[in-house]
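The block underneath contains the structure these notes are about, expressed in structure tokens.
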């Protein structure tokens, strides 16, 4: 009986942690899963997601560590117009992190994607934004985002690009920890190998390279979702190509998929019709490798609409929400463990997570609700003066490459123990005991 309880706890904890720190490992085409984990997506060796801060300027930001070669990965043939879904690994069935998603293609030289490192040009074929309107009451920290509750990142194969083999990169950028900090946004991504048939055209002009497409301090990735903003603008990365598809909109008033099948793109203006900043704040910028917080001239890489007033430069989360306080209080934020009952969900917790210390907080709060808070990994945020009564975290180690953590208070009052950075690098061992 005791052994079975431990095994069940192991599975539950693994599913929770994997969903909070997820990756994408398998592909479905028109609703049908093709192969299994890592059949058509390059298996990487990163044992602890996400990528954050200055790490997005490294070459590993293309396809993760160990993903620079696809010699052991098969190539999946798809047709123009097919709907492709890069699905979550480790049994993840629902993305519950708030933020945009995007999909990039890069044509493999000589149609040999298995030996292609992804060091060529990339272009964006899909972006997913807001599908429910914050102005109408949708929560910008949760379900307002199109990707909330999805099992992966979906896109339509364009019909106006050359046929042949492509390295395809999907990316989700949760913004719950951004709040104006270049270290706060999180990046979850994987690269698959596709051969596109039934399409014709030229490589789009709106291309760029990875790394370099996004800078840590770009306005789109330091956007503060805790300020009551009613729209999200500008969008991250390159502009959407003609024939690409946009899901949702900057203000969430539409959840439609627009563009595709050569029908053009609605993103070139970056939803400027809903932008609230004045036009005299816009300026042309022809270089995307180090974008500025200004609008680019139409037709150049990285064109952006006028800066939206919905992302104030210095604002903080509500007092009872994740990361409350000024942005200086979490200069190096880390991902926190998910709340009980929702894998990877990011509801506003009731206190800031403790700083790097082995001592557990000693003064419980009389107002905290059981099981409603996060337990963050080491080296993040400030120690709270009044943590919830049921959460007593402490840890050893202190980096994403090693160490362990314990937490009390989640999953009906049990204990979780986890370790990351395993030799295989695929997942962390987790144990739960009653």
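In mature numbering (1 follows the signal peptide of the UniProt record, and there is no 0), the protein residues as written are -20 to -1, 1 to 414. Note that the Cβ used here is the ideal one computed from N, Cα and C, for glycine as well.
Per DSSP, which residues does residue i bridge with? Please list them.
| i | result |
| --- | --- |
| residue 65 | 8 and 134 |
| residue 108 | 81 and 227 |
| residue 150 | 83 and 170 |
| residue 144 | 176 |
| residue 239 | 225 |
| residue 21 | 172 |
| residue 195 | Answer is none; residue 195 lacks a bridge partner. |
| residue 220 | 104 |
| residue 59 | 177 |
| residue 93 | For residue 93, which the question treats as bridged, DSSP gives no partner whatsoever. |
| residue 125 | 110 |
| residue 188 | 102 |
Please classify residue i: is it buried, with 16 or more other beta-carbons within 10 angstroms of its beta-carbon, or exposed?
| i | result |
| --- | --- |
| residue 198 | buried |
| residue 3 | buried |
| residue 204 | buried |
| residue 124 | buried |
| residue 120 | buried |
| residue 165 | buried |
| residue 109 | buried |
| residue 339 | Unreliable positioning characterises residue 339 in this predicted model, as indicated by a pLDDT of 40, which lies under 50. A coordinate reading is not provided. |
| residue 47 | buried |
| residue 30 | buried |
| residue 25 | exposed |
| residue 38 | exposed |
| residue 73 | exposed |
| residue 16 | exposed |
| residue 11 | exposed |
| residue 89 | exposed |
| residue 371 | Low confidence applies to residue 371: its pLDDT is 38, below 50, so where it sits in the model is not reliable, and the reading given next is rough at best. Residue 371 comes out buried. |
Given this structure, state the Cα-to-Cα distance separating residue i from residue j, to the nearest angstrom.
| i | j | result |
| --- | --- | --- |
| residue 91 | residue 149 | 17 angstroms |
| residue 151 | residue 181 | 25 angstroms |
| residue 154 | residue 1 | 11 angstroms |
| residue 96 | residue 137 | 20 angstroms |
| residue 171 | residue 213 | 26 angstroms |
| residue 34 | residue 215 | 19 angstroms |
| residue 111 | residue 13 | 25 angstroms |
| residue 98 | residue 183 | 15 angstroms |
| residue 236 | residue 115 | 18 angstroms |
| residue 23 | residue 5 | 7 angstroms |
| residue 71 | residue 168 | 16 angstroms |
| residue 130 | residue 188 | 28 angstroms |
| residue 62 | residue 133 | 14 angstroms |
| residue 173 | residue 50 | 8 angstroms |
| residue 208 | residue 156 | 13 angstroms |
| residue 252 | residue 40 | Because residue 252 carries a pLDDT of 34, less than 50, the predicted location of this residue cannot be relied on, and no value is offered for it. |
| residue 421 | residue 28 | Residue coverage of the chain in this structure runs from -20 to 414, which leaves residue 421 outside it and unanswerable. |
| residue 69 | residue 7 | 10 angstroms |
| residue 60 | residue 9 | 11 angstroms |
| residue 219 | residue 126 | 18 angstroms |
| residue 122 | residue 36 | 24 angstroms |
Does the Cβ-Cβ distance between residue i and residue j come in under 9 angstroms?
| i | j | result |
| --- | --- | --- |
| residue 107 | residue 227 | yes |
| residue 113 | residue 238 | no |
| residue 79 | residue 139 | no |
| residue 200 | residue 194 | yes |
| residue 57 | residue 94 | no |
| residue 87 | residue 144 | yes |
| residue 55 | residue 175 | yes |
| residue 85 | residue 21 | no |
| residue 217 | residue 82 | yes |
| residue 135 | residue 225 | yes |
Closest to residue i by C-alpha separation, out of the options, would be which residue?
| i | options | result |
| --- | --- | --- |
| residue 191 | 42, 32, 11 and 230 | 42 |
| residue 222 | 70, 7, 103 and 69 | 103 |
| residue 105 | 117, 98, 99 and 141 | 141 |
| residue 232 | 7, 117, 156 and 219 | 117 |
| residue 196 | 206, 230 and 158 | 158 |
| residue 146 | 128, 127 and 100 | 100 |
| residue 32 | 202, 206, 126 and 127 | 202 |
So, does the CB of residue i fall closer than 9 angstroms to a CB anywhere in chain B?
| i | result |
| --- | --- |
| residue 25 | Considering every chain present, this structure includes no chain B. It has just one protein chain. |
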